[in-house]
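Undergrad:
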Amino acid sequence: MAIEILATGRYLPERRVTNDELAKTVDTNDEWIRSHTGIGSRHIAAPEQATSDLAYAAALNALESFAPGKAAETALTLDLIVVATGTPDYYGFPSVACLVQDRLGAVNAGAFDVSAACTGFVYALDAAAGMLGIGNRKRALVIGADLLTKITNWEDRGTCVLFGDAAGAALVERTDAPVTGEAKRGLIQSVLRAQGSGAQELKCDRGGTRNPYKDGETVDKATHIYMNGRAVYTFAVKAFTEVMQELLDREGITMDQVKKIIPHQANERIVQAAAKRFGLPEDKFFMNIEKYANTSAATIPVALDEYARTGELQRGDLIMTVGFGGGLTYGGNLIVW
Ligand code: ACO
0 MAIEILATGR YLPERRVTND ELAKTVDTND EWIRSHTGIG SRHIAAPEQA
50 TSDLAYAAAL NALESFAPGK AAETALTLDL IVVATGTPDY YGFPSVACLV
100 QDRLGAVNAG AFDVSAACTG FVYALDAAAG MLGIGNRKRA LVIGADLLTK
150 ITNWEDRGTC VLFGDAAGAA LVERTDAPVT GEAKRGLIQS VLRAQGSGAQ
200 ELKCDRGGTR NPYKDGETVD KATHIYMNGR AVYTFAVKAF TEVMQELLDR
250 EGITMDQVKK IIPHQANERI VQAAAKRFGL PEDKFFMNIE KYANTSAATI
300 PVALDEYART GELQRGDLIM TVGFGGGLTY GGNLIVW
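With numbering that gives the first Met the number 0 applied, the sequence shown covers 0 to 336.
#1: Is the region 14-33 close to the region 180-199, with three or more CB pairs under 8 Å?
#2: Does the Cβ of L266 lie closer than 6 Å to at least one heavy atom of the ligand ACO?
#3: Would you call the CB atoms of A127 and A139 closer than 7 Å?
#4: Please classify Q100: is it buried, with 16 or more other beta-carbons within 10 angstroms of its beta-carbon, or exposed?
#5: Using the beta-carbon count (16 or more within 10 Å), is L11 buried or exposed?
#6: Flag H223 as yes when its Cβ comes closer than 6 Å to any non-hydrogen atom of the ligand ACO, and as no otherwise.
#7: When you compare the region 267-280 with the region 237-249, are there three or more beta-carbon pairs, one atom per stretch, that lie closer than 8 Å?
#8: Cα-Cα, which of V16, R41, L124 is closest to L303?
#9: If contact is defined by three or more beta carbon pairs under 8 Å, each pair taking one atom from either stretch, is the region 24-42 in contact with the region 150-166?
#10: Does the distance from the CB of R14 to the CB of I43 come in under 7 Å?
#11: Please state the DSSP three-state secondary structure of E172.
#12: Based on Cα-Cα distance, which residue from D112, L75, Q244, T17 lies nearest to Y89?
#13: With DSSP collapsed to three states, give me the class of N18.
#14: Taking a contact to mean a Cβ-Cβ separation below 7 Å, would you say A54 touches A165 in this structure?
#15: Checking the sheet assignment: what are the DSSP bridge partners for D112?
#16: Kindly indicate the opening and closing residues of the alpha helix (DSSP H) around G69.
#17: Just the C-alpha distance for I261 and E311, rounded to the nearest angstrom, thanks.
#18: Apart from the five residues just before and just after Y329, which ones in its own chain have a Cβ nearer than 7 Å to its Cβ?
#19: Between the beta-carbon of A144 and the beta-carbon of A58, is there less than 7 Å?
#20: Report back the beta-carbon spacing between L186 and I2 to the nearest angstrom; my notes put them in contact at under 8 Å.
#21: Got a sec? Which residues, its chain only, sit under 8 Å from W153 by beta carbon, not counting five neighbours each side?
#22: Within its chain, find whatever has a CB closer than 7 Å to the CB of A71; leave out the 5 residues flanking it on each side and keep chain order.
#23: Since I believe Q313 is in contact with N293 (beta carbons under 8 Å), could you give me their beta-carbon distance rounded to a whole number of angstroms?
#24: Report the option in A297, D214, K258, A307 whose CA atom is closest to the CA atom of A339.
#25: Can you give the Cα-Cα distance for G325 and P177, rounded to whole angstroms?
#26: Please list, in chain order, all residues of the same chain as L337 whose beta carbon is under 7 Å from its beta carbon, the five residues on each side excluded.
#27: Identify which residue in I150, D155, Q244 has its Cα closest to the Cα of D204.
#28: From what residue to what residue does the beta strand (DSSP E) around T328 run?
#29: Return the residue from the list R156, V236, L170, P280 that minimises the CA-CA distance to M226.
#30: What are the boundary residues of the alpha helix (DSSP H) that includes E250?
#31: Considering P262, what are the terminal residues of the beta strand (DSSP E) in which it resides?
#32: Any chance the CB of W153 is under 6 Å from a heavy atom of the ligand ACO?
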């Protein structure tokens, strides 16, 4: 029994904002953003869009790519919808997954969200795979979706230049393919880690039960993302290398057997540092941060979809995902395509 990815999809909001455009309203410039992060532009959701709109569009794209013109029929075959997000439409409930379930008409599917920030898709894929491995469930839709620009402080140049909005999706199925030997396929390893002691380094202080909104009060706590950039950077480089090594060790393979690494796209320099530590060429990593910036839980599924659609990814190829983010969380997956 293997858990295989049948199809992928993505959605990027229409509005694209370049660094130069951003520099008209924020004290920054294209040279600084590119040299410190590798980011050239980002897509920003329309005011009326919420995360479930992005997630639904990516889901539809994945279902259409699986069976063109039959998204509604395929939706009926879903047993599970799992959405990784740190920016839900509503805090707590209803989940984004339930909103997507309704719009897809996936009336046979259970639906829930996973909260693991930028590592969310890595966690959600493993959670879905585990759940498909028991009972009579067969198909899941795993989505990574975030709309960070609505919780971004546009006066903080240290964070606002980093983020964008997007969603990516993967249709996952339990199949009879082998999970060992030469012909093995599907999700073969996951490493899921957390370092909760770093929780305060990357957070959104206001709105949860620790600091709830109260009617009529003066806001005294940030309603936006707070990030200790330096601390997160140091954590990220270590987390990347740790996860990559553990995935290889668990499977008893070397990096030359991995065709491509699909990393969380937070900062090109983090990936470059991890590549250097591993002695890997930078083109071992699939990068699209230049176009989309950091879209949190969406970066890995969006990159996976883009890479899959290049035609370079062949059946039987081994790929690795690796991510880190708020929580702090980190992790990765090994997948035979
Ligand atoms: N434009 C121009 N100058 C800037 C900007 C900007 N946008 N932002 C900061 N600067 C300036 C600072 O004011 C500072 O100037 P000073 O030396 O005169 O004081 C200088 O640039 C250096 O600032 P640093 O903050 O030290 O810059 P650094 O090289 O550390 O890069 C960055 C900052 C890009 C945020 C980096 O620390 C980083 O990538 N950290 C990790 C972030 C991350 O990966 N987050 C992931 C998770 S996000 C999530 O989960 C939601």
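Glycine included, each C-beta is placed from N, C-alpha and C at the ideal position.
Small disclaimer: the values here were computed from a predicted structure and weren't measured.
TA: Quick look at the numbers:
#1: Segments in contact, no.
#2: The residue you call residue 266 lines up with position 267 of the sequence shown. Sequence inspection shows Asn at residue 266; the Leu mentioned does not correspond to that position. Shortest gap from the CB of N266 to any heavy atom of the ligand ACO: under 6 Å.
#3: Locating residue 127 in the sequence shown gives position 128, where the first residue counts as 1. Locating residue 139 in the sequence shown gives position 140, where the first residue counts as 1. Note that the C-beta distance between A127 and A139 is below 7 Å.
#4: Counting from one through the sequence shown, the residue named residue 100 turns up at place 101. The residue is buried, with at least 16 neighbouring Cβ atoms inside 10 Å.
#5: Taking the sequence shown and counting its residues from 1, one reaches residue 11 at position 12. Buried: at least 16 other Cβ atoms inside 10 Å.
#6: Within the sequence shown, residue 223 is the residue found at index 224, counting from 1. No, the ligand ACO has no heavy atom inside 6 Å of this Cβ.
#7: A contact exists between the region 267-280 and the region 237-249.
#8: Here residue 303 is taken as the residue at index 304 of the sequence shown, counted from 1. Out of V16, R41, L124, L124 has the C-alpha closest to the C-alpha of L303.
#9: Yes, the region 150-166 is in contact with the region 24-42.
#10: As a first step, residue 14 is located in the sequence shown; it is residue number 15 there, counting from the start. As a first step, residue 43 is located in the sequence shown; it is residue number 44 there, counting from the start. A distance below 7 Å separates the beta carbons of R14 and I43.
#11: In the sequence shown, counting from the first residue as 1, residue 172 sits at position 173. Of the three classes helix, strand and coil, the one that applies to E172 here is strand, per DSSP.
#12: Taking the first residue of the sequence shown as position 1, residue 89 is located at position 90. The candidate whose alpha carbon is nearest that of Y89 is D112.
#13: Here residue 18 corresponds to residue number 19 of the sequence shown, with the count starting at 1. N18 sits in a helix when the DSSP states are folded into three classes.
#14: As a position in the sequence shown, residue 54 is number 55, starting the count at 1. As a position in the sequence shown, residue 165 is number 166, starting the count at 1. Going by C-beta atoms, A54 is not nearer than 7 Å to A165.
#15: Counting from 1 along the sequence shown, the entry for residue 112 is found at position 113. In the DSSP output, where bridge partners are listed per residue, D112 has V82.
#16: In the sequence shown, residue 69 corresponds to position 70, counting from 1. The amino acid at residue 69 is misidentified as Gly; the sequence shows Lys. Note, K69: premise wrong, no alpha helix (DSSP H); not H, not E.
#17: Position 262 of the sequence shown, counting from 1, holds the residue named residue 261. Position 312 of the sequence shown, counting from 1, holds the residue named residue 311. Straight-line Cα distance between these residues: approximately 13 Å.
#18: As a working mapping, residue 329 is identified with position 330 in the sequence shown. Apart from sequence neighbours up to five positions away, the residues of its chain that approach Y329 with a beta-carbon distance below 7 Å are T118, R192, A238, V242, G322, F323, ordered along the chain.
#19: As a first step, residue 144 is located in the sequence shown; it is residue number 145 there, counting from the start. As a first step, residue 58 is located in the sequence shown; it is residue number 59 there, counting from the start. It is not a contact, given that the beta carbons lie outside the stated cut-off.
#20: Counting from 1 along the sequence shown, the entry for residue 186 is found at position 187. Counting from 1 along the sequence shown, the entry for residue 2 is found at position 3. Between I2 and L186 the Cβ distance is about 5 Å, and since that is below 8 Å, they are a contact.
#21: Taking the sequence shown and counting its residues from 1, the one referred to as residue 153 is at position 154. Counting only Cβ-Cβ distances below 8 Å, and skipping sequence neighbours, we find T24, V25, C159.
#22: Within the sequence shown, the letter at position 72 stands for residue 71. Excluding five sequence positions before and after A71, the CB atoms of its chain that fall closer than 7 Å to its own CB belong to G104, given in chain order.
#23: As a working mapping, residue 293 is identified with position 294 in the sequence shown. As a working mapping, residue 313 is identified with position 314 in the sequence shown. Contact doesn't hold; Cβ gap of about 29 Å is too wide.
#24: A query on residue 339 cannot be resolved here, the shown segment of the chain reaching from 0 to 336 and no further.
#25: On the sequence shown, residue 325 is found 326 positions in, with the first residue counted as 1. On the sequence shown, residue 177 is found 178 positions in, with the first residue counted as 1. The alpha-carbon atoms of G325 and P177 are separated by roughly 35 Å.
#26: Nothing can be reported for residue 337: it is not among the residues displayed for the chain, which extend from 0 to 336.
#27: Walking along the sequence shown from the start, residue 204 turns up at place 205. Of the candidates I150, D155, Q244, the one whose C-alpha sits nearest the C-alpha of D204 is I150.
#28: Within the sequence shown, numbered from 1, the residue matching residue 328 stands at position 329. Counting along the chain, the beta strand (DSSP E) containing T328 begins and ends at 328-335.
#29: Residue numbering aside, residue 226 sits at position 227 when the sequence shown is read from its first letter. Closest by alpha carbon: R156.
#30: Sequence index remark: in the sequence shown, residue 250 carries index 251 (1-based). In this chain, the alpha helix (DSSP H) harbouring E250 covers 228-250.
#31: Indexing the sequence shown from 1 puts residue 262 at position 263. 259-262 is the span of the beta strand (DSSP E), which, as asked, contains P262.
#32: In the sequence shown, the residue the question calls residue 153 occupies position 154. Proximity of the beta carbon of W153 to the ligand ACO is not indicated: no heavy atom of the ligand is located closer than 6 Å.
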